[in-house]
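See structure below.
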Amino acid sequence: MNKKLYMVSLGPGDVELLTLKALNAFKECTAICVPTKSEDNSFKKSISYRIVRDALKLLNVTKEIIPVYSPMHFDKQDWINEADILIDSAKKYNSICFVTLGDAAIYSSIYYLLDIIKEKDFTLYETCEVIPGVTSFSAASARVAKALCLGDEELLIKPINPRGEVKTTEILMRPKIGMDTKALGEGDFYTFENMYLQDESITNSKINKVKKYMTLFLKFASRD
Ligand SMILES: C[S@@+](CC[C@H](N)C(=O)[O-])C[C@H]1O[C@@H](n2cnc3c(N)ncnc32)[C@H](O)[C@@H]1O
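The sequence shown begins at 95 in my numbering and counts up by one.
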């Protein structure tokens, strides 16, 4: 079996909010690494464990479950320890999943872990696939049947207790075909056209002119 590291988004809590891609990753892998805040590596309080357990039941498969002690103290050494567990697990089991609540793009530790894995085991890093999921706030909006953005409204996601300077990632969507993108400014831009569709194109810069309505831009917060 080929080596593979899946970073799987679990959604906000209900197993029915897992994606088919997440379920397929669980089917394909040999072991699933599940974070736990308990020092004794138990899953007594782990929401992630409950979702994974329910998913495996649904799939009617069993997988090796590896606890990953994740104290969530925002400490580099903790992320190194967690990354080491993933690196060791991949050596033993070849194809592994690591799971994260909600969507991996939103305040998840997976990108701290991936930075460390990139340095320590580049071959494993290159096998990584991040599987997106339902965010807590898109689920919250659905729970009360109220849109997050309508018409010309913007959406703002804010950390309630920032540890320092707050930087902003911008998601720019609903462009006009033929528009010049100069007005969008400069920065760490990516352009996504027809994502997951025929003729998908992902460019790690800002395209100059919009050709398709199904185009969105990410302007990432500047990170050192
Ligand atoms: C570390 S962030 C992870 C966010 C997650 N990756 C996402 O996509 O929503 C944890 C925060 O997400 C929110 N959150 C996540 N799941 C939630 C849920 N099931 N109910 C309410 N809030 C939730 C809470 O604000 C919580 O403090």
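C-beta: ideal position from N, C-alpha, C; glycine also.
So does the region 167 to 182 actually touch the region 106 to 115, counting three or more Cβ pairs closer than 8 Å? no
Enclosing beta strand (DSSP E) for residue 295 [first to last residue]: 295 to 297
Assuming residue 328 and residue 181 form a contact by the criterion Cβ under 8 Å, report the distance between their Cβ atoms to the nearest whole angstrom. A question about residue 328 goes unanswered here, because the residues of the chain that appear run from 95 up to 318.
So does residue 200 have its beta carbon nearer than 7 Å to some heavy atom of ligand 1? yes
At a cut-off of 7 Å, would you count residue 44 as near ligand 1, judging by its Cβ distance to the nearest heavy atom? There is no way to answer for residue 44, as the model of the chain reaches only from 95 to 318.
Looking at ligand 1, does it come within less than 7 Å of residue 249, judged from the CB to the closest heavy atom? no
Contact test: residue 197 Cβ vs ligand 1 heavy atom, cutoff 7 Å: yes
Could you give the residue range of the alpha helix (DSSP H) that holds residue 236? 230 to 237
For the alpha helix (DSSP H) containing residue 254, list its first residue and its last residue. Per DSSP, residue 254 belongs to no alpha helix (DSSP H) and is neither H nor E.
In the structure shown, what three-state DSSP assignment does residue 212 receive? helix
Give me the residue from 292, 275, 285 and 314 with the minimum Cα distance to residue 303. 275
Determine the extent of the alpha helix (DSSP H) in which residue 199 is found, giving its start and end residues. Where residue 199 is concerned, there is no enclosing alpha helix (DSSP H), given that its DSSP letter is neither H nor E.
Rounded separation between residue 99 and residue 226 - CA only: 14 Å
Alpha carbon to alpha carbon, how far is residue 309 from residue 245? 18 Å
What I want to know is whether the C-beta of residue 106 ends up closer than 7 Å to one or more non-hydrogen atoms of ligand 1. yes
Where does residue 277 land, buried or exposed, given buried means 16+ other C-beta within 10 angstroms? exposed
Note down the Cα distance separating residue 221 from residue 186, rounded to an integer number of angstroms. 15 Å
Label residue 234 either buried or exposed according to how many other C-beta atoms from any shown protein chain fall within 10 Å of its C-beta, with 16 as the threshold for buried. exposed
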